[in-house]
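Novice:
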Amino acid sequence: MPEHGYAVLPAFSYIFNSLNPGSINSPMVDEESGRFIYYFMAFGASIRGYAHMRKAVTVDGTHLSGKTMRHGASSSKILRPLSSTNQSSTKAYTLEEFNEYFNALKERCPSTAACLEHEVEFEKWSWAHFSDNRFNVMTSNIAESLNSMLRDEREYPVVTIFNLIAHKFGEIFRKRYAEVKNSKTTFVPVAEMILRENMTKGDKLYANNINGSTDGFAMLGYGHSVKVNLLRWSRSCRKYDLVKLPCAHAMVTLRLKHGNEYDTSIYNYSSQIYSKESYLLAYLEPICAAPLESEWSVA
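Numbers 36 to 334, taken from the numbering used here, label the letters of the sequence shown in order.
1) If you count every other CB in all the chains shown that lies within 10 Å of the CB of TYR309, and 16 or more means buried, which is it?
2) Please tell me whether GLU227 and THR220 are closer than 8 Å, where the distance is taken between their beta carbons.
3) What does DSSP give as the partner residues of MET76 in its beta bridges?
4) Do SER9 and PHE71 have their CB atoms nearer than 8 Å?
5) If you follow the alpha helix (DSSP H) that GLY294 is in, where does it begin and where does it stop?
6) Is the CB-CB distance between VAL27 and GLU328 below 8 Å?
7) State yes or no: is the C-beta of SER305 within less than 8 Å of the C-beta of LEU289?
8) Quick one: Cα of GLU232 to Cα of TYR241, how far?
9) If I follow the unbroken alpha helix (DSSP H) through GLU206, where does it start and stop?
10) Could you give the DSSP three-state label for SER310: helix, strand or coil?
11) Expressed to the nearest angstrom, what Euclidean distance is found between the alpha-carbon atoms of ALA213 and ILE59?
12) With DSSP as the reference, label TYR275 as helix, strand or coil.
13) Cutting at 8 Å between CB atoms, please list the residues of its own chain near GLN307, excluding the five before and the five after it.
14) Return the Cβ separation of SER225 and VAL215 in integer angstroms, given the expectation that the two are a contact with Cβ distance under 8 Å.
15) Leaving out five residues on either side along the sequence, give the residues of the same chain with a beta carbon under 6 Å from the beta carbon of ALA77.
16) Grab me the residues of ALA148's own chain with a C-beta within less than 7 Å of its C-beta, minus the 5 sequence neighbours each way, in chain order.
17) How many angstroms separate the CA atom of LYS90 from the CA atom of SER332?
18) Could you check the C-alpha separation between ALA201 and LEU54 for me, to the nearest Å?
19) List the DSSP bridge partners of PHE71.
20) Taking the CB atoms as reference points, tell me whether LEU280 and ILE229 lie closer together than 8 Å.
21) Would you say ALA80 and PRO326 are within 8 Å of each other, going by their C-beta atoms?
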């Protein structure tokens, strides 16, 4: 019965935490009616592994409530027009580039532009107005993948659902760990691909040493002039600043500084969050599903 499933959540939490130390499980109920509201679950392995991962958090708007409901509810009315009208303003790195695209959006869809500027605010969706690390993440695909993975299990008893989540994430952790461990690269494959693509693009740029040092350069190419400072990990196009991987402009400076063998130095100018070692630590610990209820022993 459904009532039984909710009633045994505290016992399930006890069993699960004994198998997965450091996990956080919290059933939330309405204080007046005593009815189940939601169940918060965080795996200990995920909490500890997160210290070694990119600090990117994905929120699935379908389930938003409270103070954030406004932005979740408006996503279909505001963010979709932005995507279909002009996605370039979202992904522009510099304020100059952003303003150019956003002004074009104002002309085509003034009501959407006004809402994005005054209600949603630029900092919540624009790379150019974000001061921290974006890590090139701007979608909710992670949350959507989880929803798709659990589509058939949504009608199961609540304890079974959470145990299946633990089981599937345990499988994902084992698979990811094995894939990264068996790779022959210094960084994870997706980061290696970005670095190699940027190296190829950098071959088409011209660089000039602007201050006589080996760390400050000006670049010309692709119709733009860009300044790069290797010591500060910064460039005027801001891609290096936000993604923490050398862009095409930074690749040119590394080639001038280290010669034709500069490909061995690119990792020293990249965030180690992309390294193979970091990912192995992120997926190091197992996630264990709880046994059948008949096998539980709660003290």
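We treat Cβ as the ideally placed atom computed from N, Cα and C, and that holds for glycine.
Specialist: Reading it off the structure:
1) Within the sequence shown, numbered from 1, the residue matching residue 309 stands at position 274. Result: buried.
2) Position 192 of the sequence shown, counting from 1, holds the residue named residue 227. Position 185 of the sequence shown, counting from 1, holds the residue named residue 220. Against a cut-off of 8 Å, the Cβ pair of THR220 and GLU227 comes out as a contact.
3) Counted from its first residue, the sequence shown places residue 76 at position 41. Bridge partners of MET76: ASN60.
4) With the chain running from 36 to 334 in the structure shown, residue 9 is simply not present.
5) As a working mapping, residue 294 is identified with position 259 in the sequence shown. It is not in any alpha helix (DSSP H) - GLY294 carries neither H nor E in the DSSP assignment.
6) Nothing about residue 27 can be read from this structure; the chain reaches only from 36 to 334.
7) Sequence index remark: in the sequence shown, residue 305 carries index 270 (1-based). Sequence index remark: in the sequence shown, residue 289 carries index 254 (1-based). Taking 8 Å as the Cβ cut-off, SER305 and LEU289 do not qualify as a contacting pair.
8) Stepping through the sequence shown from its first residue, residue 232 is reached at position 197. Stepping through the sequence shown from its first residue, residue 241 is reached at position 206. Distance between the alpha carbons of GLU232 and TYR241 is about 17 Å.
9) The sequence position of residue 206 within the sequence shown is 171, counting from 1. Its alpha helix (DSSP H) spans residues 193-217.
10) Here the question's residue 310 lines up with position 275 in the sequence shown. Residue state, collapsed to three classes: strand.
11) If you number the sequence shown from 1, residue 213 lands on position 178. If you number the sequence shown from 1, residue 59 lands on position 24. Rounded to the nearest angstrom, the two C-alpha atoms are 26 Å apart.
12) Start at 1 with the first residue of the sequence shown, and residue 275 comes out as number 240. Of the three classes helix, strand and coil, the one that applies to TYR275 here is helix, per DSSP.
13) Taking the first residue of the sequence shown as position 1, residue 307 is located at position 272. Excluding positions up to five away in sequence, the list reads SER313.
14) Within the sequence shown, numbered from 1, the residue matching residue 225 stands at position 190. Within the sequence shown, numbered from 1, the residue matching residue 215 stands at position 180. At residue 225 the sequence reads Val, which differs from the Ser that was named. Contact doesn't hold; Cβ gap of about 11 Å is too wide.
15) In the sequence shown, the residue the question calls residue 77 occupies position 42. Contacts found: ILE59.
16) Locating residue 148 in the sequence shown gives position 113, counting from the first residue. Correct list, in chain order: PHE137, LEU140 and LYS141.
17) Along the sequence shown, read from residue 1 onward, the residue named residue 90 stands at position 55. Along the sequence shown, read from residue 1 onward, the residue named residue 332 stands at position 297. Whole-angstrom Cα-Cα distance: 37 Å.
18) Your numbering for residue 201 matches position 166 in the sequence shown. Your numbering for residue 54 matches position 19 in the sequence shown. If you take the alpha carbons of ALA201 and LEU54, they lie about 11 Å apart.
19) Start at 1 with the first residue of the sequence shown, and residue 71 comes out as number 36. BP columns for PHE71 point to VAL64.
20) Along the sequence shown, one-based indexing puts residue 280 at 245. Along the sequence shown, one-based indexing puts residue 229 at 194. Cβ atoms of LEU280 and ILE229: closer than 8 Å.
21) In the sequence shown, residue 80 corresponds to position 45, counting from 1. In the sequence shown, residue 326 corresponds to position 291, counting from 1. Result no, Cβ atoms of ALA80 and PRO326 do not sit closer than 8 Å.
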